[in-house]
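**Student:** Structure in structure tokens, see below.
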Amino acid sequence: MTRRAFLTGVGSSICFAFAGCLATDNNDDPSSKPADRREDEEFTPDVEPVTRLGKAPSISFEAAPERAYEYLEADDSVRIHYDSGETSTMSFDRWGTARAVDHGSDRLQSLFENKSLIGTGISIGQGQVELSNIEVSSGGEQPTQEEFKWGAPLAPIGFHSHHYARDGELISKPDVPFQRLVEEAPRSMEITMLFPEKEYTAVLPVVCDRTWSKDQ
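So for the sequence shown, full-length UniProt numbering puts the first residue at 1; every next one is plus one.
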């Protein structure tokens with residue numbers, strides 16, 4: 001199964017132009033493409049993908065870091081050691097944000113579970129977001145960069161997904177309306193990570209993502 005997630009307002013197209021070439025490329029002929037590819041391109045799900053900001057009041061909490069790391073005071077960064085023997089280095093701000101979004105996702109999971117919202121087609125995760133691509137509910141204020149504090153544009157995400165078979169038949173869909181998730185998700189989370197060296201506070205948006213997936 002391949003998940004296809006879309007963010008409203010994001011689109012891309014690549015156009016290749018060849019001056020003086022008038023011949024038609026057979027690849028543009030639908031009959032020349034494999035049947036499964038034609039079916040996939042013609043498939044239009046009855047789902048409008050959208051990413052929407054949570055509508056409930058913002059929350060704040062503290063959390064203790066769980067992953068081991070080495071703090072490099074000279075340049076305010078951290079080094080992570082992996083079981084493979086490899087290492088990676090990142091800024092302390094980015095590390096703090098990454099740990100905060102982990103705890104933010106866990107908190108969103110708990111919030112939804114307490115409201116009996118977790119079920120078929122409903123899952124919790126995290127991902128990179130662009131504020132300009134986030135919609136708000138009627139009467140809500142558009143999020144601004146000044147509203148948040150982060151070392152990377154990451155956010156806890158509540159996924160609301162329809163699942164389709166290869167032939168386009170709907171296999172499953174959430175029992176909970178998408179807007180219900182939006183209404184129960186906080187607009188943002190202020191998460192203070194209690195690192196031994198110093199505290200780090202991230203303020204992250206919380207979004208709900210309506211999407212779909214189709215078997216290949």
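Even for Gly, the Cβ is constructed at its ideal location relative to N, Cα and C.
Determine contact between the segment 191 to 201 and the segment 132 to 147, defined as no fewer than three beta-carbon pairs at a distance below 8 Å.
**Tutor:** Because the criterion of three Cβ pairs below 8 Å is not met, the segment 191 to 201 and the segment 132 to 147 do not touch.
**Student:** May I have the straight-line CA-CA distance separating S91 from V101, to the nearest angstrom?
**Tutor:** Taking the straight line joining both Cα atoms gives about 16 Å.
**Student:** Alpha carbon to alpha carbon, how far is R107 from I122? Give it in angstroms, no decimals.
**Tutor:** Each residue's Cα considered, the two are about 15 Å apart.
**Student:** With C208 and R99 assumed to form a contact (beta carbons below 8 Å), what rounded beta-carbon distance in angstroms separates them?
**Tutor:** The pair is not a contact, with the Cβ atoms about 22 Å apart (cut-off 8 Å).
**Student:** Helix, strand or coil: how does DSSP classify L72 here?
**Tutor:** Correct three-state label for L72: strand.
**Student:** Given this structure, state the Cα-to-Cα distance separating S84 from E66, to the nearest angstrom.
**Tutor:** C-alpha separation (whole angstroms): 19 Å.
**Student:** Which word fits H103, buried or exposed, when buried means at least 16 other C-beta atoms lie within 10 angstroms of its C-beta?
**Tutor:** Buried, because 16 or more other Cβ atoms sit within 10 Å of the Cβ of H103.
**Student:** Just to check my reading of the structure: I124 and P205 have Cβ atoms closer than 8 Å, yes? What is that Cβ distance to the nearest angstrom?
**Tutor:** 15 Å between Cβ atoms; not a contact.
**Student:** If V50 and R210 are in contact, beta carbons under 8 Å, what's the gap, nearest whole angstrom?
**Tutor:** 5 Å between Cβ atoms; contact.
**Student:** Can you name, in chain order, every residue of its own chain whose Cβ lies under 6 Å from the Cβ of E70, other than the five neighbours on each side?
**Tutor:** Taken in chain order, the residues that qualify are R79.
**Student:** Who are the near neighbours of S105 in its chain, counting only those whose CB is closer than 7 Å to its CB and skipping five residues on each side?
**Tutor:** Counting only Cβ-Cβ distances below 7 Å, and skipping sequence neighbours, we find I124, G125, Q126, P156.
**Student:** Please go through the segment 58 to 127 and give each complete alpha helix (DSSP H) segment of 4 or more residues, from N-terminal end onward.
**Tutor:** Entirely contained in the segment 58 to 127, the alpha helix (DSSP H) runs reaching 4 residues are, in chain order, 92 to 114.
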